[in-house]
Amino acid sequence: MQTFSFSQAPLEPGQFRDALADPACGGYASFEGWVRDHNEGRRVRRLEYEAFEALAIKEGERIVAAALERYGVRRAACVHRIGDLGIGELAVWVGVAAPHRDEAFAACRYIIDEVKHRLPIWKKEHYEDGDSGWVNCERCVDAPEHDYSRQVALPEVGARGQARLRSSSVLVIGAGGLGVPVLQYLAAAGVGRITIVDGDVVESSNLHRQPLYEAGDIGRAKAVVAAERLSRMNHDLHCTAIAELANAGNVGALVAAHDLVAECTDNLRTKFLVNDAVVRAGKPAVFASIYQYEGQLQAWLPEPDWPCLRCLWPEAPRDGLVGNCAEAGVLGPVPGTLGSMQAMLAMRILLGIEPAPVRGLVVVDLLTFATRSITAARDPACDHGAPGPQAAARDAQAAPLEVEFASLDDARAAGFELVDVREAWELARDPPGLDTGMHLPLSELLGGRLSFPADGRRLIVCAHGVRSLSLTEHLRQHGRADVYSMRGGIASLQG
Amino acid sequence: MTLSIHVQYFAALREQAGRGSETLATGSRTAADLYEELRERRGLTLPRAMLKVAVNEEFTTWDRALTDGDRVVFIPPVAGG
Chain A
1 MQTFSFSQAP LEPGQFRDAL ADPACGGYAS FEGWVRDHNE GRRVRRLEYE
51 AFEALAIKEG ERIVAAALER YGVRRAACVH RIGDLGIGEL AVWVGVAAPH
101 RDEAFAACRY IIDEVKHRLP IWKKEHYEDG DSGWVNCERC VDAPEHDYSR
151 QVALPEVGAR GQARLRSSSV LVIGAGGLGV PVLQYLAAAG VGRITIVDGD
201 VVESSNLHRQ PLYEAGDIGR AKAVVAAERL SRMNHDLHCT AIAELANAGN
251 VGALVAAHDL VAECTDNLRT KFLVNDAVVR AGKPAVFASI YQYEGQLQAW
301 LPEPDWPCLR CLWPEAPRDG LVGNCAEAGV LGPVPGTLGS MQAMLAMRIL
351 LGIEPAPVRG LVVVDLLTFA TRSITAARDP ACDHGAPGPQ AAARDAQAAP
401 LEVEFASLDD ARAAGFELVD VREAWELARD PPGLDTGMHL PLSELLGGRL
451 SFPADGRRLI VCAHGVRSLS LTEHLRQHGR ADVYSMRGGI ASLQG
Chain B
1001 MTLSIHVQYF AALREQAGRG SETLATGSRT AADLYEELRE RRGLTLPRAM
1051 LKVAVNEEFT TWDRALTDGD RVVFIPPVAG G
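Going down the list, the sequences are from chains A and B.
Going by the working numbering, the first sequence opens with residue 1, and the numbers climb by one from there.
Going by the working numbering, the second sequence opens with residue 1001, and the numbers climb by one from there.
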């Protein structure tokens, strides 16, 4: 079956549906548009559809292809009726088959919206009073659907600036409290291409501060929902959803493929990951974070002597030590304001609006509305995230301290050499046959009578995982990246 | 001689200090000494290495000498979003 076609004859949805059958698909969604008996207060008797077929078929095929790619669905098709239609007849049919229902619904919705909006199809309505009239296709209305005149009127924007936004691409990492206003404003302003990276799903506790999402979105991937909403909001936008966390494996290529990066996550690990990637790629970036009623905003520009995130925070604490929204609490307008400021900063950078952003940090207090710009110098000792000894030491700090195993054999199979730091009297109580590997009692290590092996991937075990954790922490602080503590200790094996 | 210093706290430090700002008389001569003094007086837990200090709207080093009337800000990184 063709992915998009016109039909003079009445549509047979049963046949179309069968043509999409696919054993790999567990979900099928379909939309049918029917001829209704009224429009804008007038009684309608019948309809005529006319299309510029050659152009419409090509554009229709593009829409279906985009839906397949964007939502990862396997099969999709659309058939539009032309000619004379009576009340109740089927005017347009869309069908989508996908492994799961979410993608099927989303792709179906996308196809019908795009078809209605983009295809040169005209409708003539015949009214009960004998009158008739052409109803413009949505694309062909006189006023452009998205009118940027109010921002083009600004001397700093103008037609040239608008064209610049249209040809710009922005990577938005994190589609939460900060990301939502960033996405909404950039999409509305006519930024041509936006990629949304977020590995989370919409949760009920997000809704109070992330008003792009609705109760019905709970459980769906944020990136996908946001891309749907933005695409519907501005048809000029090319929006891509990446429903995974930004990580070391994907961040480099994503950053390289965009003109600017907006970092909108709620964790320091990702912020530093993005910092290192933008510094390496020489791409401008806007960072923001919030804590209760306060926010911090920072721009990074690929200019000589511009301070990066690591210049400011050479020894950033683990995420657990700085509050997040779940623990510290947050009112919606706080990320809303900081995200809006990020969007403003992004547009200033894209449009080259003077003055240049602050080299350093802007600190905002939303209880007093005090805003403070604190300038920072580039730190000559900072490696700006480049690979090297500092990065290795940071990795050692950042790696999880504890790992969990069901048995000691599992730990050995994972490549660990065991070091048992319990005292001799504790070992005597072990069940026969339990082999905990090298025995270095903690008291002997602390007393300096024994020393910890200088290398190797070591898993430290004790009775309950408390002593092993503090020893692991101590070793990590002294630069040992390859030591771990077994969570729960020997007790966790016997339970 | 004691110096009169205006101190502002942000984020977790504001909570721990129980106030957003204060003007105090101190015998401390550097930003580092002042922070250590306040750690004790105000029960601040974050180690200095994790913070930034700014004097008169400019980030500075911890060995920065204080002068009478300086405005000192202690800022921890925040991560919420």
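We put the CB at the ideal spot given by N, CA and C, even for glycine.
Remember, it's a predicted structure, so these values are computed and weren't measured experimentally.
One thing to note: V191 (chain A) has its Cβ no nearer than 8 Å to the Cβ of Q342 (chain A).
Where L1038 (chain B) is concerned, the enclosing alpha helix (DSSP H) starts and stops at A1031 to R1042. Listed by position along chain B, the residues whose Cβ is nearer than 7 Å to that of N206 (chain A) form an empty set, because the closest Cβ is around 11 Å away.
Contact between I194 (chain A) and V172 (chain A) holds: CB atoms are separated by about 6 Å, below the 8 Å threshold. Contact annotation: S30 (chain A) and V115 (chain A) have beta-carbon atoms that are not nearer than 8 Å. Assignment of V362 (chain A) by DSSP, reduced to helix, strand and coil, places it in the strand class.
Ranked by Cα distance from Y484 (chain A), the options A:F416, A:K222 and A:L446 are led by A:F416. Contact holds between the stretch 277-289 of chain A and the stretch 256-266 of chain A, because three or more Cβ pairs, one in each stretch, are under 8 Å apart. Rounded to the nearest whole angstrom, the C-alpha separation of L1046 (chain B) and K1052 (chain B) is 11 Å. Interface flag for E1058 (chain B) against chain A is set, since a Cβ pair is found closer than 8 Å. Sixteen is the threshold: when 16 or more other Cβ atoms of the shown chains lie within 10 Å of the Cβ of A243 (chain A), as they do, the residue is buried.
The continuous alpha helix (DSSP H) containing I63 (chain A) extends over residues E53 to Y71.
For K283 (chain A), the secondary structure class from DSSP, reduced to helix, strand or coil, is coil.
In the DSSP assignment, A77 (chain A) is bridged to A:G95. Judged by DSSP in its simplified three-state form, M486 (chain A) adopts strand. Restricted to the stretch 156-181 of chain A, the alpha helix (DSSP H) segments that are unbroken, complete and at least 4 residues in length are 158-166, listed in chain order. At a cut-off of 8 Å between beta carbons, C264 (chain A) contacts chain B. Counting C-beta atoms within 10 angstroms of its own C-beta, V466 (chain A) has fewer than 16 neighbours from the protein chains shown and is therefore classed as exposed.
When C-beta distances to chain B are compared with 9 Å, every residue of the stretch 86-120 of chain A stays at or above that value. Pairing I121 (chain A) with A97 (chain A), the inter-Cα distance amounts to about 26 Å. One Cα belongs to Y28 (chain A), the other to A104 (chain A), and the distance between them is close to 6 Å. Three or more Cβ pairs drawn from the stretch 285-294 of chain A and the stretch 338-355 of chain A lie within less than 8 Å of each other, which places the two stretches in contact. For C311 (chain A), the three-state secondary structure derived from DSSP is helix. In the three-state scheme derived from DSSP, where H, G and I count as helix and E and B as strand, F16 (chain A) is classed as helix.
Listed by position along chain B, the residues whose Cβ is nearer than 8 Å to that of I290 (chain A) are V1078, G1080 and G1081. In the three-state reduction of the DSSP assignment, N247 (chain A) falls in the coil class. Between T375 (chain A) and F1059 (chain B), the C-beta spacing is below 8 Å. Under DSSP, R46 (chain A) takes part in a beta bridge, and its partners are A:G86 and A:H126.
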